[in-house]
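The structure appears below as C-alpha cells.
Numbering (the UniProt record's numbering), first residue to last: 1 to 182.
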C-alpha cells in the first residue's frame, strides 16, 4: 500500500480477492491487484493532495471491507486503504466480520455502516493480536490528507503475535489460497 500511495493513488477496493501471494522465490511477497476503481489523490497539475469533499460520491469498494468514510460517500484518503486492510486481516484471522451476516444490497449498506460505526474497535479485534486494534485506531485518527506513518504500521504488523507470527502467516496464506476464483 505504501508503494501505491507513494505513486499518488488510493486503491479503494482492498479485499481478500484483490490480495495475492507470490509463488516460488516470491512466496513471501504480497501483490495487490484490480486497480479498476483506484483514484489519484494527488493533483496532477500541482502535485498537492486533492481537496476533501464530503458526500462526493456513492460508496466505493466492497461494502464488507471498505472504510467508514467510503460508506459515507467521502473522498478517500490513504488511511481508508489501511482501514480496509485491517478488516481483511481480521477476516483472515477470524474467518468472518460481524457485518458479513447482513445481506449486502443497496438497502442494507446503511446497516453495515451503522455496525462499523457502532462497534468498539477492541470488541471487533477481541481475541486477536492487539496490534490490529492499534492500527485501526491509529488509522481512524488520521486526517484526510495526512500521510500514514508506514514504518509504525509495518512495525506493528511485524510484531503481530510475537512468537505466533509463523502461525498468523500460515492462517493468512491458507485463507488466500482457499478463496474461490471469480
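Ideal placement from N, C-alpha and C gives every residue a C-beta, glycine not left out.
### Query
Does the segment 141-150 come within contact of the segment 114-132, defined as at least 3 CB pairs closer than 8 angstroms?
no
### Residue from 100, 39, 94, 97 with nearest C-alpha to residue 70
By one-based count along the chain shown, residue 70 stands at place 70. Taking only the C-alpha atoms, the option nearest residue 70 is 39.
### Query
Among 98, 47, 121, which one has its Cα closest to the Cα of residue 111?
Numbered from 1 along the chain shown, position 111 holds the residue referred to as residue 111. Minimum Cα distance to residue 111 is reached at 98.
### Top-ranked residue by Cα proximity to residue 11, from 156, 96, 23, 32
Within the chain shown, residue 11 is the residue found at index 11, counting from 1. With distances taken between Cα atoms, residue 11 lies closest to 32.
### Task
Return yes when the Cβ of residue 75 is within less than 7 angstroms of the Cβ of residue 139, no when it is not.
To locate residue 139, count along the chain shown from 1; it is residue 139. To locate residue 75, count along the chain shown from 1; it is residue 75. No, Cβ-Cβ distance for residue 139 and residue 75 is not below 7 angstroms.
### Query
For the candidate residues 30, 81, 62, whose alpha-carbon lies nearest to that of residue 41?
For the purposes of this step, residue 41 is taken as residue 41 along the chain shown, with counting starting at 1. Nearest option by C-alpha distance: 81.
### Task
Whole angstroms is fine: what's the gap from residue 114's alpha carbon to residue 64's?
Start at 1 with the first residue of the chain shown, and residue 114 comes out as number 114. Start at 1 with the first residue of the chain shown, and residue 64 comes out as number 64. If I take the Cα positions, the gap works out to 12 angstroms.
### Task
Using only alpha-carbon positions, find the residue among 144, 160, 157 that is nearest to residue 54.
One-based indexing of the chain shown puts residue 54 at position 54. Among 144, 160, 157, the Cα nearest to that of residue 54 belongs to 144.
### Task
Report the option in 119, 132, 91, 131 whose CA atom is closest to the CA atom of residue 19.
The residue given as residue 19 occupies position 19 in the chain shown. That would be 91, whose Cα lies nearest to the Cα of residue 19.
### Query
Distance, Cα to Cα, residue 134 vs residue 79?
Within the chain shown, numbered from 1, the residue matching residue 134 stands at position 134. Within the chain shown, numbered from 1, the residue matching residue 79 stands at position 79. When rounded, the distance between both Cα atoms is 13 angstroms.
### Where residue 103 falls: helix, strand or coil (DSSP)
On the chain shown, residue 103 is found 103 positions in, with the first residue counted as 1. Coil.
### Query
Exposed or buried, which one is residue 67 when buried takes at least 16 other CB atoms within 10 Å?
Counting from 1 along the chain shown, the entry for residue 67 is found at position 67. Burial call: buried.
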